[in-house]
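Read top to bottom, the protein sequences are chains A and B.
Throughout the first sequence, residue numbering follows the working numbering, covering 1 to 110 in sequence.
Throughout the second sequence, residue numbering follows the working numbering, covering 1001 to 1114 in sequence.
Have a look at the structure below, then the notes.
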Amino acid sequence: DAKTTQPNSMESNEEEPVHLPCNHSTISGTDYIHWYRQLPSQGPEYVIHGLTSNVNNRMASLAIAEDRKSSTLILHRATLRDAAVYYCILRSYNNNDMRFGAGTRLTVKP
Amino acid sequence: DVKVTQSSRYLVKRTGEKVFLECVQDMDHENMFWYRQDPGLGLRLIYFSYDVKMKEKGDIPEGYSVSREKKERFSLILESASTNQTSMYLCASSLYGQGNQPQHFGDGTRLSIL
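Here is the structure:
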């Protein structure tokens, strides 16, 4: 799988939007962009994924650059429960497993 | 929502013991996975299964075996536990094995081998 680069940490204020960036300059045409998050003492939780178009679900939005070399996970109104490590992962269509990097540790301040 | 349940949150065993970690999913998923997560090393795949009685080795299968006798249950076995197998073990499932399928994780078993 191609490599992703994320900031080590970010801070946000409660009820404000959060934009978590991810660079993946070596992405290939069949790579899907996945986002997971891991709260303390819990297993990873699926957030969202996409291929080319922007995606929305009840948890977040995923904005994918036109050249697909970067993407942004958007939490529209951060809550204290969103404090977690967020992982951006690329998975090719035939890839069965998950390879997490270091991720971005998001701190949400009240 | 998909639920993946791991039998124990915390487990302490002794060197040389045979250890069983159990995982059950309730969404009729075809694929199930066992990972271990260690600080600085991220998530590493131990084994996965794409059907009942079928299994494939992941990146670090040495010292482990698996069993999938029923679709909903996937067991990880440490044949003779060693201290370097102290880790967080995570089970996951997905409907199919393709890269566009989300994986759903359990809450993990933190295993300590003394």
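Ideal Cβ placement from N, Cα and C applies to all residues, glycine included.
- With the criterion set as a beta carbon lying under 9 Å from some beta carbon of chain A, the members of the segment 1028 to 1056 of chain B are Asn1031, Phe1033, Tyr1035, Gln1037, Gly1040, Gly1042, Leu1043, Arg1044, Leu1045, Phe1048, Tyr1050 and Glu1056, in sequence order.
- Spanning the alpha carbons of B:Ser1075 and B:Gly1058 requires a straight line of approximately 15 Å.
- CA-CA distance, A:Arg105 to B:Ser1080, rounds to 36 Å.
- In the structure shown, B:Gln1085 adopts helical secondary structure according to DSSP, grouped into three states.
- Shortest Cα-Cα distance from B:Thr1109 to any of A:Ser41, A:Gly29 and A:Ala84 involves A:Ser41.
- One Cα belongs to A:Asp97, the other to B:Gln1098, and the distance between them is close to 9 Å.
- A Cβ-Cβ separation of about 6 Å places B:Asp1051 in contact with B:Glu1030 under the 8 Å criterion.
- Runs of beta strand (DSSP E) with 3 or more residues, each lying fully within the segment 1001 to 1031 of chain B, are found at 1004 to 1006, 1010 to 1013 and 1019 to 1025, listed in chain order.
- For the pair A:Arg99 and B:Gly1042, the CB atoms are nearer than the 8 Å cut-off.
- Non-local beta-carbon contacts of B:Thr1086 in its own chain, meaning distances under 8 Å to residues more than five positions away in sequence, involve Leu1111, Ser1112 and Ile1113 in chain order.
- Between the segment 27 to 38 of chain A and the segment 85 to 97 of chain A, the count of C-beta pairs closer than 8 Å reaches three or more; the two stretches touch.
- Contact annotation for A:Asp97 against chain B: Phe1033, Leu1045, Phe1048 and Gly1058 [CB-CB distance below 7 Å, chain order].
- Every beta strand (DSSP E) stretch that sits fully inside the segment 67 to 94 of chain A and reaches 3 residues is listed by chain position as 70 to 75 and 84 to 92.
- Here DSSP, grouped into helix, strand and coil, assigns A:Asn96 to coil.
- Between the segment 24 to 31 of chain A and the segment 72 to 80 of chain A there are fewer than three C-beta pairs closer than 8 Å, too few to call the two in contact.
- When Cβ-Cβ separations below 8 Å define contact, B:Gln1025 makes no contact with chain A.
- Unbroken beta strand (DSSP E) runs of no fewer than 3 residues, entirely contained in the segment 20 to 68 of chain A, are found at 31 to 38, 45 to 50 and 61 to 64, following chain order.
- Nearest CB-CB separation between B:Pro1102 and chain A: below the 8 Å threshold.
- Looking at the DSSP output, B:Tyr1064 sits in a beta bridge with B:Leu1078.
- Proximity of B:Phe1074 to chain A, defined by a Cβ-Cβ separation below 8 Å, is not satisfied.
- The closest CA to that of A:Met59, considering only A:Glu66, A:Ile74, A:Thr5 and A:Arg91, is found on A:Ile74.
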